[in-house]
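One rule links them: number in this note's numbering = place in the sequence shown (from 1) + 7. Below is one structure; the comments refer to it alone.
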Amino acid sequence: MKKLLYISVNTKPEGMSASKTVGREFVDRFVQNYPEYQLIEHDICNEYIPELDHRFLNDNGDIVSGNDYNLLSDNDKKIVDRINDLCNEFVSADVYVIAYPMWSSLFPPRLKMYIDCIVQNGKTIKISEDESSGLLSDKERSVLCIQSSGGVYPKIISWKINHGINYLHDIFRHLGIKKFEKLLVEGVDVQDIGKEKAVEKAFDEIDELIDKMQVRDFVKQ
Numbered sequence: 008m009k010k011l012l013y014i015s016v017n018t019k020p021e022g023m024s025a026s027k028t029v030g031r032e033f034v035d036r037f038v039q040n041y042p043e044y045q046l047i048e049h050d051i052c053n054e055y056i057p058e059l060d061h062r063f064l065n066d067n068g069d070i071v072s073g074n075d076y077n078l079l080s081d082n083d084k085k086i087v088d089r090i091n092d093l094c095n096e097f098v099s100a101d102v103y104v105i106a107y108p109m110w111s112s113l114f115p116p117r118l119k120m121y122i123d124c125i126v127q128n129g130k131t132i133k134i135s136e137d138e139s140s141g142l143l144s145d146k147e148r149s150v151l152c153i154q155s156s157g158g159v160y161p162k163i164i165s166w167k168i169n170h171g172i173n174y175l176h177d178i179f180r181h182l183g184i185k186k187f188e189k190l191l192v193e194g195v196d197v198q199d200i201g202k203e204k205a206v207e208k209a210f211d212e213i214d215e216l217i218d219k220m221q222v223r224d225f226v227k228q
């Protein structure tokens, strides 16, 4: 069974969050269209996401294992286990949906903490003395980033404002995920648009995006 991993990033409950509202509509429609997908969800602002600490890293900057792991306290072992569980779950997925609000041209810091957990040498990336390369090109995968924002930003300046979208595009591409889509829920705080219209406009784009996000049964040889 294929897996759809849905990551929502907002302290607000779903009914108050534009990004979560659009994210829910997307994953519901996606699973209706493709029932062979198992939906896995994380509301990471309301779950425990570890912050990386030097105690959890070996001399190469990798997550500890083996004897280094055995030397940890019981509590630190639980934290490392959580980090590894999040990373392994990410590796096992086929389609990723990340819904978040724009904060300071980026995204809430909890999302960066999550990304730090899933970018691991030997699992999602291979790091050598000369280069680093992604390991997630072993099968076709796709990512959709749903970003809500109070304003509306013309395309001519959007690339200067949407640093969060640009960062996520670059980091997932580096991990080996080549299919990347975005859905901008803009104008939530604009008087002539508002949350309701911004969400409705995003809803109108969902079906087309679902077709783009579906992945084939292809495994890299």
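The C-beta atom is built at its ideal place from N, Cα and C for all residues, glycine as well. None of the values given here were measured: they were computed from a predicted structure.
- The residue from Met23, Asp101, Cys124, Ala100 with its alpha-carbon nearest to that of Asp69 is Cys124.
- Residue environment: Asp214 is assigned as exposed (fewer than 16 neighbouring CB atoms within 10 Å of its CB, all protein chains considered).
- DSSP places Lys84 inside the alpha helix (DSSP H), whose first and last residues are 81–99.
- For Glu188, there is no enclosing alpha helix (DSSP H); the enclosing beta strand (DSSP E) covers residues 186–192.
- DSSP places Gly30 in the uninterrupted alpha helix (DSSP H) bounded by 25–40.
- Short of 7 angstroms from the beta carbon of Lys10, and not among the five residues preceding or following it, lie these beta carbons of its own chain, in chain order: Tyr44, Gln45, Ile47, Ser99, Ala100, Asp101.
- Taking C-beta separations shorter than 7 angstroms and ignoring five residues to either side along the sequence, the partners of Ile168 in its chain run Ser112, Tyr160, following chain order.
- Counting along the chain, the unbroken beta strand (DSSP E) around Val104 starts and ends at 102–108.
- The Cβ neighbour count for Gly73, taken over all protein chains shown within 10 Å, is under 16; the residue is labelled exposed.
- Using a Cβ distance threshold of 9 angstroms, Gly158 and Val197 count as a contacting pair.
- Lys9 carries a strand assignment under DSSP once its states are collapsed to helix, strand and coil.
- Ser155 is bridged by DSSP to Pro108, Val192.
- One alpha carbon belongs to Ser80, the other to Phe63, and they sit about 11 angstroms apart.
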